[in-house]
Amino acid sequence: MVAPKDEHLALSSGIGLAGLAIGYFGEFGLGAFETFREEIIEVLLKPNKTTAVHWYLSYFQDVSEEIHKIKGNVDELDYLFNFISNTLDEVNLKPDLIRPDFENCSDKWHEECSCNEIVEQWVKYVSKNAEMINELIIHSAFQVIFLDRKFLHDFHLELSDFVESYIDEIREAYPENVTVKGRIKRTHFPKWLTDAVFYRDKGTCSICRCDLSKLIRTQNTIHIDHIVPLDIYGSNDASNFQLLCETCNTSKGARSTATSSINVPFWNL
Ligand SMILES: [Zn+2]
Ligand SMILES: [Zn+2]
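Per the working numbering, residue -5 is the first one in the sequence shown, and the count goes up by one each step.
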């Protein structure tokens, strides 16, 4: 047995972004799809660890912009520094820089002291690493959003409208990935995806809730299902899958987006 590969992943860094992205989906979902049209089309064809949800999240995540805003709105230097320090802490980055000593600084407006200069070094560090910081926060936010099957259902339903309107463009760019009928082609599921879906759904069928965890995990007993089916312009995006039992998989129609927001609380496992 190989232990799962873990990494530093403070969920607190992503929860704020996840909440924001869920809350504003109705308002900004389509706009974000348009903004990242080419990038999103690329990840819809076959399961990719960077998903359409990652691109949607990136629409809201810009650490340099946040710093810029704080600088414009608040003139309290310690507020800016705390924001930077907390952000870096959450993504486990530890710059080798002097910290400002606000407690012992007698200059309330930090005009004659070195506090401003020191904080500016931290701002520079963030600017230089902004892309990586944004990626880490998006990575963390995805861990939270991936748990929310109900949101993924709504997300992929909206995305199916996008796929439908761009299907000719997709066919032109990737002819081998589109069917004669004008739908994205079925592909095989990599093991990292079936494992992720199995554990996310805690080994239970997403519709009838029957327990699949005791079964031998072969394709005959568990089914990885497209939440929004390919037939109605769903995609192979890695966030569009759920675990189903044999019976529910057989009876779920080619146009059904059935899922449930029922979950197994940790206390009940
Ligand atoms: Zn100072
Ligand atoms: Zn079932």
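Just so it is clear, CB atoms sit at the ideal spot from N, CA and C, and this is done for glycine as well.
All values reported here derive from a predicted model rather than from experimental measurement.
* To do: May I have the straight-line CA-CA distance separating His220 from Ser58, to the nearest angstrom?
  => Indexing the sequence shown from 1 puts residue 220 at position 226. Indexing the sequence shown from 1 puts residue 58 at position 64. Approximately 37 Å, taken between the alpha carbons.
* Endpoints, the alpha helix (DSSP H) within which Cys109 is located -> Counted from its first residue, the sequence shown places residue 109 at position 115. Where Cys109 is concerned, the enclosing alpha helix (DSSP H) stretches over 109 to 122.
* What are the start and end residues of the beta strand (DSSP E) that includes Asp219? -> Here residue 219 refers to the residue found at position 225 of the sequence shown. Taken as a continuous stretch (DSSP letters only), the beta strand (DSSP E) holding Asp219 covers 216 to 220.
* Asked: Is there at least one non-hydrogen atom of ligand 2 closer than 7 Å to the beta-carbon of Thr264?
  -> The question about residue 264 has no answer, for the chain in this structure spans -5 to 263.
* **Cβ-Cβ distance between Ala46 and Ser200 below 8 Å** => Counting from one through the sequence shown, the residue named residue 46 turns up at place 52. Counting from one through the sequence shown, the residue named residue 200 turns up at place 206. It is not a contact, given that the beta carbons lie outside the stated cut-off.
* Asked: Under the criterion of a Cβ to heavy atom distance below 7 Å, does Ile216 qualify as lining ligand 2?
  -> Along the sequence shown, one-based indexing puts residue 216 at 222. False, no ligand heavy atom lies under 7 Å from that Cβ.
* Bridge partners - Thr198, DSSP secondary structure assignment -> For the purposes of this step, residue 198 is identified with residue 204 of the sequence shown, where counting begins at 1. Bridge pairing for Thr198: Asp205 [DSSP].
* Asked: Can you tell which of Pro94, Ser79, Arg93 has its C-alpha closest to the C-alpha of Leu87?
  -> Locating residue 87 in the sequence shown gives position 93, where the first residue counts as 1. Comparing Cα-Cα distances from Leu87 to each of Pro94, Ser79, Arg93, the minimum goes to Ser79.
* Between Leu3 and the rest of its own chain, which residues show a CB-CB distance below 7 Å, the 5 nearest in sequence each way excluded? -> As a working mapping, residue 3 is identified with position 9 in the sequence shown. Here the set comprises Ser134, Gln137.
* Asked: DSSP beta-bridge partners for Leu24?
  -> Translated into the one-based positions of the sequence shown, residue 24 becomes position 30. In DSSP, Leu24 forms no bridge with anything.
* Using beta-carbon positions only, say whether Lys179 and Val258 come within less than 8 Å of one another. => For the purposes of this step, residue 179 is taken as the residue at position 185 of the sequence shown. For the purposes of this step, residue 258 is taken as the residue at position 264 of the sequence shown. Not in contact: Lys179 and Val258 (Cβ atoms no closer than 8 Å).
* Within the same chain, show all residues whose beta-carbon is closer than 7 Å to that of Phe27, passing over the 5 residues directly before and after it, in chain order. => The sequence position of residue 27 within the sequence shown is 33, counting from 1. So the qualifying residues of the chain are Ile34, Leu153, Phe156.
* For Val191, which three-state DSSP category applies? -> On the sequence shown, residue 191 is found 197 positions in, with the first residue counted as 1. Reduced to three states, the DSSP call for Val191 is helix.
* To do: Go ahead and pull the three-state DSSP assignment for Val172.
  => As a working mapping, residue 172 is identified with position 178 in the sequence shown. In the structure shown, Val172 sits in a strand (DSSP, three-state: E or B).
* Phe96 - containing beta strand (DSSP E), residue span -> The residue given as residue 96 occupies position 102 in the sequence shown. It is not in any beta strand (DSSP E) - Phe96 carries neither H nor E in the DSSP assignment.
* **Three-pair Cβ contact test at 8 Å for the stretch 3 to 16 versus the stretch 82 to 96** => yes
* Which of the three DSSP states, helix, strand or coil, is assigned to Ile34? -> Taking the first residue of the sequence shown as 1, we reach residue 34 at position 40. Correct three-state label for Ile34: helix.
* Asked: Going by alpha carbons, who is nearest to Leu263 out of Leu237, Arg194, Asp225, Cys99?
  -> For the purposes of this step, residue 263 is taken as residue 269 along the sequence shown, with counting starting at 1. Leu263 has its Cα closest to that of Arg194, out of Leu237, Arg194, Asp225, Cys99.
* Just the Cα atoms here: how many angstroms apart are Ala248 and Glu158? -> Walking along the sequence shown from the start, residue 248 turns up at place 254. Walking along the sequence shown from the start, residue 158 turns up at place 164. If I take the Cα positions, the gap works out to 16 Å.
* **CA nearest to the CA of Ile132, picked from Lys(-1), Thr251, Phe260, Leu14** => In the sequence shown, counting from the first residue as 1, residue 132 sits at position 138. If we check each option's Cα against that of Ile132, Leu14 comes out closest.
* Limits of the alpha helix (DSSP H) - the one that Phe145 falls within -> The residue given as residue 145 occupies position 151 in the sequence shown. Where Phe145 is concerned, the enclosing alpha helix (DSSP H) stretches over 143 to 167.
* **Beta-carbon separation (whole angstroms), Leu39 vs Asn230, contact threshold 8 Å** => Here residue 39 corresponds to residue number 45 of the sequence shown, with the count starting at 1. Here residue 230 corresponds to residue number 236 of the sequence shown, with the count starting at 1. Approximately 6 Å separates the beta-carbon atoms of Leu39 and Asn230; this is inside 8 Å, confirming the contact.
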